[in-house]
Amino acid sequence: MFTLVLSLSFVAGALGADYKVEATSEGPPTADLAAEIAAQLGESGVKISKGSRAYLEFWPTKEWSTAEGFSATNEIIYPLVPGSLVGVARFKSKGADFRDQEIKTGVYTVRYGRQPVDGNHVGTAPTRDFFLLLPAADDQSTAPLDTEALFKASAEAAETTHPAIFYLQRAPEAASEPALEHDEESEWWTLSFTGKGKDGTDVPVRLIVVGHGQE
């Protein structure tokens with residue numbers, strides 16, 4: 121199970137306008153979720169703020185679906201099942217995804233997906249692992265979605281023809297506490313934390329929550 125220390129507060133930088141991460145003081149927004157999805161969430165989550173203003177909250181599911189016999193490659197580094205539910209996010213302020221698409225305030229489910237190998241994404245990211253946002257009102261089941269359904273539903277979150285995506289980088293070793301780091305060169309803010317696979321294994325993740333890649 122994903123656990124947090126409620127007193128945790130890691131600030132990446134000294135300025136008041138910098139982003140910071142801390143434990144949430146409230147449970148997930150169950151009223152905005154399908155009952156089946158709400159039942160899979162733990163009470164602990166993280167909140168990312170900029171200065172004194174909340175930006176993004178995230179509650180991971182209690183367990184993540186992982187692929188049996190998974191071996192990482194140069195392109196795929198996460199053992200998660202494509203299309204599987206990994207959590208719920210609530211944007212408290214207007215945000216943007218890794219493609220700099222606008223994300224409106226509201227509640228979204230979060231699922232794992234892989235960038236397609238179709239010739240349209242060459243050079244856009246070193247690896248193919250992403251988290252995708254879906255409008256919570258449209259996501260009613262915890263079952264994994266196939267690629268076509270996943271991408272179509274996620275595009276609704278961005279209100280464009282492209283899914284709303286957050287890039288997953290190579291994760292550090294499993295950490296007991298979430299951390300937020302600032303890459304000044306790329307202007308990325310990366311969140312690192314550890315989820316749990318259904319077999320009880322740690323699944324450390326590292327995702328860019330603020331900032332975008334080059335087209």
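Residues 121 to 335 in the numbering used here are what the sequence shown lists, from first letter to last.
Where a beta carbon is used, it is the ideal one built from N, C-alpha and C, also for glycine.
In or out: residue i buried (at least 16 other Cβ within 10 Å) or exposed?
i	result
G207	buried
D303	exposed
A263	exposed
D258	exposed
S185	buried
A209	buried
A155	exposed
P246	exposed
Leaving out five residues before and five after residue i in sequence, what residues of the same chain have Cβ atoms less than 8 Å from its Cβ?
i	result
A269	G203
A187	P199, L200, V201
T336	Nothing can be reported for residue 336, as the shown portion of the chain is limited to 121 through 335.
Who pairs with residue i in a beta bridge, going by DSSP?
i	result
T310	E301, I328
P255	Y228
K316	D322
E222	A216
R234	D249
A284	L253
Take residue i and list the residues in its own chain whose beta-carbon comes closer than 7 Å to its own, dropping the five residues that flank it on each side.
i	result
T225	F211, K212, S213, K214
R248	E195, I196, R234, Q235
A216	E222, I223, H332
F286	D217, F218, F250, F251, L327, I328, V329
Using a threshold of 7 Å, state whether the C-beta atoms of residue i and residue j are closer than that.
i	j	result
A284	A291	no
A294	D322	yes
V227	A256	yes
L254	A275	no
W309	Y175	no
T150	A158	yes
Skipping 5 residues on each side, what residues in its chain have a beta carbon closer than 6 Å to that of residue i?
i	result
V141	F130, V166, I168, P298, L300
Task: 4-residue-minimum alpha helix (DSSP H) runs that sit fully inside the stretch 125–212, ordered along the chain - done: 155–158
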